[in-house]
Amino acid sequence: MTWKDPPPRTSLPVLGDDIRKLRNDRGWTQQRLAEESGFTSRLIRKAESGTPLHPDTIDILAETLSTPEQHLAPEDLVFSDALVISTFYLALSDYGADVGYKMSHLFDDELMVWIAGEETGLPFAGVWRGLDGLHEYFSILLKCFTYHGGDKEPEILRTGEDVFVIGSTYWTSEHSSTPVGVWQVNRYKLRRGRILEWKNFYDTAAAVRLADGHPKSE
Numbered sequence: 001m002t003w004k005d006p007p008p009r010t011s012l013p014v015l016g017d018d019i020r021k022l023r024n025d026r027g028w029t030q031q032r033l034a035e036e037s038g039f040t041s042r043l044i045r046k047a048e049s050g051t052p053l054h055p056d057t058i059d060i061l062a063e064t065l066s067t068p069e070q071h072l073a074p075e076d077l078v079f080s081d082a083l084v085i086s087t088f089y090l091a092l093s094d095y096g097a098d099v100g101y102k103m104s105h106l107f108d109d110e111l112m113v114w115i116a117g118e119e120t121g122l123p124f125a126g127v128w129r130g131l132d133g134l135h136e137y138f139s140i141l142l143k144c145f146t147y148h149g150g151d152k153e154p155e156i157l158r159t160g161e162d163v164f165v166i167g168s169t170y171w172t173s174e175h176s177s178t179p180v181g182v183w184q185v186n187r188y189k190l191r192r193g194r195i196l197e198w199k200n201f202y203d204t205a206a207a208v209r210l211a212d213g214h215p216k217s218e
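Just so you know, the sequence shown maps onto residues 1 to 218 in the UniProt record's numbering.
Right, here's the structure in full:
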């Protein structure tokens, strides 16, 4: 799985900690990774320290560290999943429903968004596809509620190809001027450093209460 868009630079800094974790997950020593990839142990040590590497070198490391369960692209060793997701959250505050159009480089062409709560009748729940779907979702959501940001330090977990962001976001509605926290678990899947899939599991009962003008549970 080679670069989707060949980098214009002759070298790129890599995610050394991620490379070390991937190697450890394989049960390999630095010497074993060097042998499997055809590089020297010295280069592997440089990679795990985050030293910039040639794009071809990054490509080979990604292929070598891939498993049947986790196919790595070279972009996965360069772009931090957590940074991409946090950039998305920050941009939402700036751009609102236009976040996808303004920050299109954060999203895969085959983006799929799933929002819990279809059984509640909340109009923004369901499946949305592509940047147009993302725009429509946020347009409907932001007509119902006003976004006031999320937890400053949400819990971020990575399991295989999935990244989980756990915490609360804060909202007001026409019925409530005091921001109400809605607890949620966001499950992301990235491909080549871009968000491919986003599933939002949240406290639907709290959202319904906020929409109906009863932000506090009975």
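C-beta atoms are modelled at their ideal positions from N, C-alpha and C, and glycine is treated no differently.
Just so it is clear, the structure is predicted and the values come from calculations on it, not from any experiment.
If we count the other Cβ atoms within 10 Å of its Cβ and call it buried at 16 or more, is ASP76 buried or exposed? ASP76 comes out buried.
Applying the criterion that 16 or more other CB atoms from any shown protein chain within 10 Å of the CB defines a buried residue, is LEU15 buried or exposed? Taking every protein chain shown into account, the CB of LEU15 has 16 or more other CB atoms within 10 angstroms, so this residue is buried.
Residue interval of the alpha helix (DSSP H) (run including SER86): 81 to 95
Taking the Cβ atom as the reference point for each residue, do VAL113 and TRP183 lie within a distance shorter than 8 Å? No, Cβ-Cβ distance for VAL113 and TRP183 is not below 8 Å.
Is THR178 buried or exposed, if buried means 16 or more other CB atoms sit within 10 Å of its CB? exposed
Presumed contact (8 Å Cβ cut-off) between ALA91 and PHE138, rounded CB distance: Contact flag wrong, Cβ pair sits at about 11 Å.
Between GLU218 and LEU210, what straight-line distance do the alpha-carbon atoms span, to the nearest angstrom? Residue confidence is low: GLU218 scores 48 on pLDDT, short of 50, so the model does not pin down where it sits. No coordinate-derived value is stated.
Buried or exposed: where does ARG42 fall if 16 or more other Cβ atoms within 10 Å of its Cβ makes it buried? exposed
Using the three-state DSSP reduction, which class does LYS143 fall into: helix, strand or coil? helix
Give me, in chain order, the residues of the same chain whose beta-carbon lies closer than 6 Å to that of VAL99; leave out the 5 immediate sequence neighbours on both sides. ALA91 and LEU92
Reference ALA47; option with closest CA among SER104, ARG23, SER66 and LYS4: ARG23
For LEU210, decide whether its Cβ has a neighbour in chain D, counting only Cβ atoms nearer than 8 Å. Of the protein chains in the structure, only one exists, and it is not chain D.
Rounded to a whole number of angstroms, what is the C-alpha to C-alpha distance between GLY50 and ARG191? Roughly 21 Å separates the two Cα atoms.
Stretch pair the stretch 122 to 131 + the stretch 151 to 169: three plus CB contacts closer than 8 Å: The stretch 122 to 131 vs the stretch 151 to 169: no contact.
Considering only residues of the same chain and omitting the five flanking positions on each side of LEU134, which have a CB-CB separation below 8 Å? Only residues of its own chain outside the window of five on either side were considered, and among them VAL99, GLY100, PHE107, LEU111, VAL113 and TRP128 have a CB closer than 8 Å to the CB of LEU134, listed in chain order.
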